[in-house]
Amino acid sequence: ETHNFMLKSKRSGCLHTAGQLLSSMARRRRRNFSSKQDALQRLRQKPPFAAMHPIAVERFVEFGTREMSETPAAHLQQAQQLQQHGKQQVRGVQLVCDPNTEAQYYEALDPPPAVAGELITCPVMLAVAGNGTGGAYREHTAVQQWILHNPPAAGPLPSSGSSSNSSGQDPLHGILVVLNEELAASIPAEYMAIPGVSHFGPLEEPQLIATDCTAFFQKSLKHQTRQQEKQSTRVHSRL
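In our numbering, each residue carries its 1-based index in the sequence shown increased by 4.
Below is the structure:
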């Protein structure tokens, strides 16, 4: 149902879906830098990297950039200055993933493929960013009706008992709260909203995410162990 809803929303033109937003952002991303240090300094000042854990940004630059065979003319002067100060890095670097390639990925998966929940047999935890509030969008049918019958210029989804949403929140992020809960129920999966992070949560609060995931896996393992013990008891009683 979630997949079909997002597909209808995209086709209707009434909702700027995630793929459209992310592809636009990706194409605006700078690819070339005069050095790895230059890339690190620039990226950590802009979203989404500004909110990420410092080590995550450092690892991204370390493994997510590569040295270019030739330094672009626009960065040549800065590269030469680095060399004059005894720095070894004199060639420019670029992002390994071309922003255009990243944009095409988002567009190809817009909306993402439907999740075949009936084929999933292992324990699943659906962890989502807890920044969104779905209070104004609790009724899925109402969300569908508004999105599919109002153009983007109509503004945010109306909140309960009013004609507008005072928070000014993008309708896409508001309805994702509802859609994520539906997805968790359809798998079924344990739904966990993690406050204070975006969808880059593992890169922003790695210890928090690791702790939550570890707790889920430990609980799942205990449940599985109990089920196996019960099954073993039944077999022995029959013997």
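In this text, a Cβ means the ideal position worked out from N, Cα and C, and glycines have one as well.
Predicted model only: the values in this text are computed from it and were never measured.
Judged by DSSP in its simplified three-state form, L183 adopts helix. Restricting attention to A189, P103, L26 and F204, the CA atom closest to the CA of R35 is found in P103. In the structure shown, V65 falls within a helical segment according to DSSP collapsed to helix, strand and coil. The Cβ atoms of V97 and K50 lie no closer than 7 Å to each other.
Cβ-Cβ distances below 8 Å link L130 to N184, L187, A188, I191, A193, E194, Y195 and M196 in the same chain, with the five nearest sequence neighbours on each side left out; the list follows chain order. Counting only the Cα atoms, A43 lies some 6 Å from F37. The continuous stretches of beta strand (DSSP E) do not include Q49, and DSSP gives it neither H nor E. Under a 10 Å Cβ-count criterion, L180 is classified as buried, with 16 or more other Cβ atoms of the shown protein chains found around its own Cβ. Its Cα nearest to that of E208, the residue A55 stands out among A107, L47, A55 and Q24. Going by DSSP, A107 is part of the alpha helix (DSSP H) stretching over P103 to A112.
Here DSSP, grouped into helix, strand and coil, assigns R34 to coil.
The C-beta of L47 has 16 or more other C-beta atoms within 10 Å across all chains shown, which makes the residue buried. A Cβ-Cβ distance of about 17 Å is found for the pair P58 and S202, leaving them out of contact under the 8 Å criterion.
In the three-state DSSP reduction, E209 falls in the coil class, being neither helix nor strand. When rounded, the separation of the alpha-carbon atoms in I124 and T229 is 19 Å. DSSP places E122 in no beta strand (DSSP E); its state is neither H nor E. Going by DSSP, A193 is part of no beta strand (DSSP E) at all; its letter is neither H nor E.
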